[in-house]
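End of the sequence shown = 1268 in the numbering used here, gap-free, step of one. Every residue gets a Cβ at the ideal spot worked out from N, C-alpha and C, and that includes glycine. All values reported here derive from a predicted model rather than from experimental measurement.
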Amino acid sequence: MNLRPSACSPFAIPALLCLLGLLLSSFTFGPIKGDTSIRIKNSCGYDIWPAILTGVGNAPTATIEEMPSGFMLTSGHSMTIHLPQDWSGRFWGRTGCDFSSDGEGECETGDCGRRLNCTGVGATPPATLVEFSIHGQRSQRDFYDVSLVDGFNLPVSVAPTGGSSVSKANQSSCVEAICAADLNKVCPSILQMIVKGRVVGCKSACLALKSDMYCCAGAYSNPNTCNATSYSKAFKSRCPTAYTYAYDDATSLFTCASASAYTITFCPPSSSSSRSQCSLKNPNKLVSNSSCQNNSSENKSLTSVASFNIKKGMKMFVACTIIFVIMSIYY
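What follows is the structure in structure tokens.
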């Protein structure tokens, strides 16, 4: 007599469901292999509205759904999204936003077409930018930076998790890029963006003065003629690892090979700026990963979802095994 349950047996149904659950647990949790996780963290004492503009590549995703290109992030909270390979684009934070239930409205800074979801629309300056090129030029190398070229509205940092140096003789690798200073508090009056009597942003000299010299345009459109100005130097003194003008690459463009994740922090603690200084002591000297590692608690938080899924999968595997053993004994 065949004691094994047939395909039509009622005992085969829970077994099949168990197997299906085990398979789904392997595929529906966490990012797709090859994707880079980006954790966006709001450490400001107020709500912000992060925005994403995709330059090249598919849109970012959150879990298995396409990620909106604009959303609200309350104070003290974070959201993790996933960038596909060969992706380039920028992130920024918007402030003082007021949106209706259908996503119509506007922001005091960083506005993108008066919509919550910035579909293909960049930031209205001034806005602090975080720029990425993930796995650029079909290699495993990432490029990233913090930019004040379009002005300033929020302090921000970006730091990789894991990864390795690209070569033995390249610029600093896998370190934090940061502008932790609140430039609105020290912004020259000629650059101030004022809303309701408050300085909410600090314009770039290009935006405020509209001169080719400040915009690196016309006769100043190449690295030989476009140099740092008194305004960009003032920004640089406060945020030494941020781009302050178009050709500020030497101390502002960072690379990392095969980083598993990045953390973008709005309003990062000022003390974290000391970690970025390791890249300034000698821009041409290789910086080891150990000298600029992220805080271990950050690493734990980024891997907590993966750990949870592994444990959950093991429990389901054990449950399935028990069910099959019982069925083989009694049926």
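Check                                                                                                                                                                  : Outcome
Locate the alpha helix (DSSP H) running through Phe1203, then write down its first and last residues.                                                                  : Segment 1191 to 1203 is the beta strand (DSSP E) holding Phe1203; no alpha helix (DSSP H) there.
Closer than 7 Å by C-beta to Lys1133: which residues in its own chain qualify, once you throw out the five before and the five after it? Chain order, please.          : none
Which residues in the same chain as Tyr1081 place their Cβ atom closer than 6 Å to its Cβ, once the five residues preceding and following it in sequence are excluded? : Phe1069, Val1095, Phe1191
What does the Cβ neighbour count give for Val1083, buried or exposed, with the cut at 16 atoms within 10 Å?                                                            : buried
Which value, in whole angstroms, describes the spacing of the CA atoms of Ala1064 and Ser1101?                                                                         : 30 Å
Using 10 angstroms around the beta-carbon of Ile1127, count the other beta-carbons present and answer buried if the total reaches 16, otherwise exposed.               : exposed
From Thr973 to Ala1198, what distance separates their C-alpha atoms?                                                                                                   : 5 Å
Answer with buried or exposed for Asn1121, where buried requires no fewer than 16 other C-beta atoms within 10 angstroms of its C-beta.                                : buried
Heavy atom of the ligand ATP less than 8 Å from the Cβ of Pro1097, yes or no?                                                                                          : What this structure holds is no ligand at all, so the ligand ATP is not there to describe.
CB-CB under 6 Å to Gly1155, same chain, minus the five flanking residues each way: which ones, in chain order?                                                         : Asp1149
Go through its chain and collect everything with a Cβ distance to Thr1166's Cβ below 8 Å, but skip five positions before and after it.                                 : Ala1142, Met1150, Tyr1151, Tyr1182
Pull the bridge partners of Arg1052 from the DSSP assignment, please.                                                                                                  : Glu1041
What's the C-alpha gap between His1072 and Cys1193?                                                                                                                    : 9 Å
When you compare the CB positions of Asp1079 and Pro1062, do they come within less than 9 Å of one another, or not?                                                    : no
Using a threshold of 9 Å, state whether the C-beta atoms of Val1067 and Arg1031 are closer than that.                                                                  : no
Have a look at Ile977, Pro987, Asp984, Cys1176 and flag the residue whose alpha-carbon is nearest the alpha-carbon of Val1086.                                         : Cys1176
What residue does the alpha helix (DSSP H) around Asp1149 start on, and which one ends it?                                                                             : 1149 to 1152
Taking Trp1029 and Met1009 to be in contact with their CB atoms under 8 Å, please state how far apart those CB atoms are, rounded to whole angstroms.                  : With a Cβ gap of about 14 Å, Trp1029 and Met1009 do not count as contacting.
For Asn1020, which of helix, strand or coil comes out of DSSP?                                                                                                         : Note on residue identity: the sequence assigns Leu, not Asn, to residue 1020. Three-state result, Leu1020: strand.
Taking 9 Å as the cut-off, decide whether the C-beta atoms of Gly982 and Thr1046 are in contact.                                                                       : no
Who are the near neighbours of Gly1033 in its chain, counting only those whose CB is closer than 8 Å to its CB and skipping five residues on each side?                : Cys1044, Glu1045, Thr1046, Val1132, Val1137
Excluding five sequence neighbours on each side, which residues of the same chain lie with their C-beta closer than 6 Å to the C-beta of Gly1059?                      : Leu990
Can you tell me whether Asp1185 is buried or exposed? The criterion is at least 16 other CB atoms within 10 Å of its CB, across all chains shown.                      : buried
Rounded to the nearest angstrom, what separates Ala1187 and Asp1119 at their Cα positions?                                                                             : 23 Å
Under 6 Å Cβ to Cβ from Lys1173, same chain only, skipping five residues before and after it: list those, please.                                                      : Thr1181
Could you have a look at Leu1066 and say whether DSSP puts it in helix, strand or coil?                                                                                : strand
For Asn1090, count the other beta carbons within 10 Å of its own beta carbon; 16 or more makes it buried, fewer makes it exposed. Which is it?                         : buried
Rounding to the nearest angstrom, what Cα-Cα distance links Ala1171 and Ser1207 in this structure?                                                                     : 18 Å
Determine the direct distance from the alpha carbon of Phe1203 to that of Gly1042, and round the result to whole angstroms.                                            : 22 Å
Measuring alpha carbon to alpha carbon, tell me which of Leu1020, Asp1039, Ser1025, Lys978 ends up nearest Ser1012.                                                    : Lys978
Looking at the structure shown, is Gly1047 part of a helix, part of a strand, or coil, going by DSSP?                                                                  : coil
Taking Leu1146 as the reference, give the member of Asn1161, Ser1169, Thr1162, Ser1015 with the closest Cα.                                                            : Ser1169
Could you check the C-alpha separation between Val993 and Asn1159 for me, to the nearest Å?                                                                            : 24 Å
What residue does the beta strand (DSSP E) around Tyr1180 start on, and which one ends it?                                                                             : That residue, Tyr1180, is in no beta strand (DSSP E); it is neither H nor E in DSSP.
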